[in-house]
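Report on one structure; see the data block that follows.
There are 2 protein chains.
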Amino acid sequence: MFVRFAPEHTVSRWEREKGVTILGPMSLIVTGTIGIDSVYTPSGQAEKVLGGSCIYFCAAASFYTKVRMVAAVGGDFPKAFWKFFDKFPAIDTKGLEVRPASKTFAWGGKYHENMNSRDTLFTELGVLMEAAPAVPAAYKDSAVVFLANSHPGVQMGMLSQLPKRKLVVADTMDLWINNAKVELERLLRTIDGVVLNYDEAELLTGKKNPVTAARHMLKDYGGKKGLKFVVVKKGEHGSLIVHKSGIAALPAYPAEKVVDPTGAGDTFAGGMMGYLAGAVKKGGAKAVTLPVLLKAASHGTVAASFNIESFSLDRLMKLKKSELVKRHKEFAAMTRV
Amino acid sequence: MFVRFAPEHTVSRWEREKGVTILGPMSLIVTGTIGIDSVYTPSGQAEKVLGGSCIYFCAAASFYTKVRMVAAVGGDFPKAFWKFFDKFPAIDTKGLEVRPASKTFAWGGKYHENMNSRDTLFTELGVLMEAAPAVPAAYKDSAVVFLANSHPGVQMGMLSQLPKRKLVVADTMDLWINNAKVELERLLRTIDGVVLNYDEAELLTGKKNPVTAARHMLKDYGGKKGLKFVVVKKGEHGSLIVHKSGIAALPAYPAEKVVDPTGAGDTFAGGMMGYLAGAVKKGGAKAVTLPVLLKAASHGTVAASFNIESFSLDRLMKLKKSELVKRHKEFAAMTRV
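First to last, the sequence lines map onto chains A and B.
According to the numbering used here, the first sequence is numbered sequentially starting from 1.
According to the numbering used here, the second sequence is numbered sequentially starting from 338.
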């Protein structure tokens, strides 16, 4: 048996055919949703297409590292969707449970004229109402963890199964801030970083300024074990990073073609965490400094800029690493004062 | 008689007392309003205070270069306001007309809770309804011109008095886009750059995306003599530069203390043009490349970040060059991917 340590995108056809085991730079694990989305935007519509936080995250992260997916789908998960995984051999699906008697999570949303806001048309929770998917034994050594948006109790449960974790970052949403605040606060006091939308940061802290809100989060949930950084996502207006050592800010990539913003936040997180996994491999959790976070967020920004160019995963499935690298260079130059 | 060529802020007390004539790096001229503002924000209020596009612009620009002001006030212009000019010896007021029988322009505005939008409470045009102030003979050699927001016909009239102009940039507003579009379009086909708000760019072009809107402006008003760059201001969300050679983007400075956003756009333009005047001195209008514009906009961003910290000109009047330099360094580091 051959084993090689390398980013997945460098794997040759020969290696793939011979079944060479490729180890990514640092074991990144994500838990989140896989869904069947129906999306209506001013540009058009896409019904019953592949979606979910985990899918977008993994697609983006896989350009930087191998990524382990913990998620569940139902027996109704369309066969055609499996071709997604063929396109992304860097995504490890050992943690993807198929539950034949269950329904896959389904979501429908309609975007407003300016694409900045949307209405949820329907949510069919399906497997999300059942027990959370288990972390396979082979994943127990995962060092870098992303907890996509989910009930903070479920997120916390995942952590207890990952004793080797070095860096944990979570996403959340207004639903949990409103309905599970105690659990969410407990989670935030346990993890290293959080990625959330501006309005969510405001809702959580009652502070109307994104910097002030993030600073309050660091103060309230920080300390020796808790939150070390907050990434505030502002959609088309970019992102803000508040770290205990300082602040960084990025504009969004100035995109002209916005077909569907669904999954942009998860794609951003995927690019960011994929990059961070490399940094943690080199220097441990201490390597996640403000400049490294800024660089990581810039990779997330560029990954997200591709995702919004089409519905579902269409653009990410066609994306080449060389395109990502080229646009990242352009983006870095665009903001270099 | 002594003459020294230097930025005004480097002038010593000895030089000032001896009446040494200081030449700035390149003659920058601005025409715009001087007003008596009454401003109400969620942080408080300031009634009958100094304001106007020209004042904010000059205050910011004066940290980078000598700046010539062409504007008019009425006999009611409060004596106390003159102390502003004592604080800023780099502002040349030869072009400031006092018209004893006229009224100074007055404006009242009330900001909404989030400071992103405001209602105009009243506008008393006063001198703005009269003949535009004349360009003094000593200003005819001005090379770098900023036309603050005004009727595009008036802006055009100013240009005809400046035969040595090398770089001309203008601001505008929805009023002229709606009511003087033909004159505005003629102006844009004559000048080098425009600085405007996102919603104004959208109104002018009918394009909902800021990049697309700016590109259309370059296409429609560019060519050999016309528009070479568009700076789209997005307030707390930063700015976007679309130049014929490419695109650049900046976040706003992540400010926590926002007392009064009045004049932020003019302060941004002042810092930007002050920096550009130095570039034009060194290399002519051709020196205004995309990287130089980005750097100039970053200076404008930082100048504006101070202005919003207090009502009227209060913060800019106390501002030290060293504070500006320090925050600019911080800002550059914050965005350096």
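Don't be surprised by glycine CBs; every beta carbon is placed ideally from N, CA and C.
Every value quoted in this text rests on a predicted model; they were computed, and no experiment measured them.
Outcome for residue i when other beta-carbon atoms lying within 10 angstroms are tallied against a minimum of 16
i, result
"proline 133 of chain A", "buried"
"threonine 457 of chain B", "exposed"
"asparagine 516 of chain B", "exposed"
"histidine 237 of chain A", "buried"
"asparagine 114 of chain A", "exposed"
"histidine 112 of chain A", "exposed"
"leucine 316 of chain A", "buried"
"phenylalanine 459 of chain B", "exposed"
"leucine 512 of chain B", "exposed"
"methionine 129 of chain A", "exposed"
"asparagine 675 of chain B", "Residue 675 of chain B cannot be examined here, being either before or after the span of chain B that is shown, 338 to 674."
"alanine 383 of chain B", "buried"
"lysine 556 of chain B", "exposed"
"glycine 381 of chain B", "exposed"
"leucine 656 of chain B", "buried"
"proline 78 of chain A", "exposed"
"glutamate 8 of chain A", "With a pLDDT of 47 at glutamate 8 of chain A, under the threshold of 50, the modelled position of this residue cannot be trusted, and the question is left open."
"valine 410 of chain B", "buried"
"glycine 284 of chain A", "exposed"
"lysine 666 of chain B", "exposed"
"lysine 166 of chain A", "buried"
Residues near residue i by beta carbon distance below 7 Å, same chain, minus five either side
i, result
"glycine 155 of chain A", "Rather than glycine, the amino acid found at residue 155 of chain A in this sequence is glutamine. So the qualifying residues of the chain are Leu147, Ala170, Leu187."
"aspartate 413 of chain B", "Lys440, Thr441"
"arginine 118 of chain A", "Gly109, Lys110, Tyr111, His112"
"aspartate 266 of chain A", "Ser53, Tyr56, Phe57, Ala148"
Residue i - containing alpha helix (DSSP H), residue span
i, result
"asparagine 486 of chain B", "Segment: none, asparagine 486 of chain B is in no alpha helix (DSSP H) and carries neither H nor E."
"glycine 265 of chain A", "264-283"
"lysine 219 of chain A", "210-221"
"lysine 87 of chain A", "83-87"
"leucine 294 of chain A", "290-307"
"phenylalanine 668 of chain B", "658-671"
"arginine 652 of chain B", "651-655"
Cβ-based neighbour list, residue i, same chain, cut-off 8 Å, excluding 5 preceding and 5 following
i, result
"alanine 669 of chain B", "Ser635"
"glutamate 539 of chain B", "Lys545, Pro547, Ala550"
"glutamate 200 of chain A", "Thr172, Met173, Asp174, Ile177"
"lysine 164 of chain A", "Lys140, Asp141, Ser142, Ala143"
Closer than 7 Å: residue i CB and nearest the ligand NAD heavy atom
i, result
"valine 482 of chain B", "The ligand NAD is not part of this structure, which contains no ligands at all."
Bridge partners - residue i, DSSP secondary structure assignment
i, result
"lysine 110 of chain A", "A:Tyr40, A:Asp119"
"glutamate 97 of chain A", "A:Ala72"
"glutamine 382 of chain B", "B:Tyr377"
"serine 239 of chain A", "A:Lys233, A:Leu250"
"valine 195 of chain A", "A:Asp171, A:Val231"
"isoleucine 514 of chain B", "Isoleucine 514 of chain B pairs with nothing; no bridge assigned."
"glycine 34 of chain A", "Note that residue 34 of chain A is isoleucine in the sequence shown, not glycine. BP columns for isoleucine 34 of chain A are empty, so no partner."
"glutamate 461 of chain B", "B:Ala443"
"aspartate 429 of chain B", "B:Arg405"
"leucine 387 of chain B", "B:Ile373"
Residue range of the beta strand (DSSP E) that includes residue i
i, result
"isoleucine 339 of chain A", "In the structure displayed, chain A extends from 1 to 337; residue 339 of chain A sits before or after that span and is not available."
"alanine 585 of chain B", "583-587"
"alanine 341 of chain A", "As shown, chain A starts at 1 and ends at 337. That puts residue 341 of chain A outside it, with no answer to give."
"leucine 365 of chain B", "365-368"
Neighbourhood of residue i by C-beta, 6 Å cutoff - its chain only, sequence neighbours within 5 removed
i, result
"alanine 633 of chain B", "Met609, Tyr612, Leu613"
"leucine 96 of chain A", "Met69, Ala71"
"phenylalanine 605 of chain B", "Gly637, Ala641"
"serine 245 of chain A", "Leu290"
"histidine 553 of chain B", "Thr542, Lys544"
"valine 629 of chain B", "Ala616"
task: For the segment 97-109 of chain A and the segment 58-65 of chain A, state whether three or more C-beta atom pairs, one from each stretch, are separated by less than 8 Å.
output: no
field: Three or more C-beta pairs below 8 Å linking the segment 40-47 of chain A and the segment 276-284 of chain A
entry: no
The segment 532-551 of chain B touching the segment 221-232 of chain A, judged by at least three CB pairs closer than 8 Å: no
- request: Evaluate contact between the segment 641-649 of chain B and the segment 592-607 of chain B, counting only Cβ atoms and requiring at least three cross-stretch pairs below 8 Å.
  value: yes
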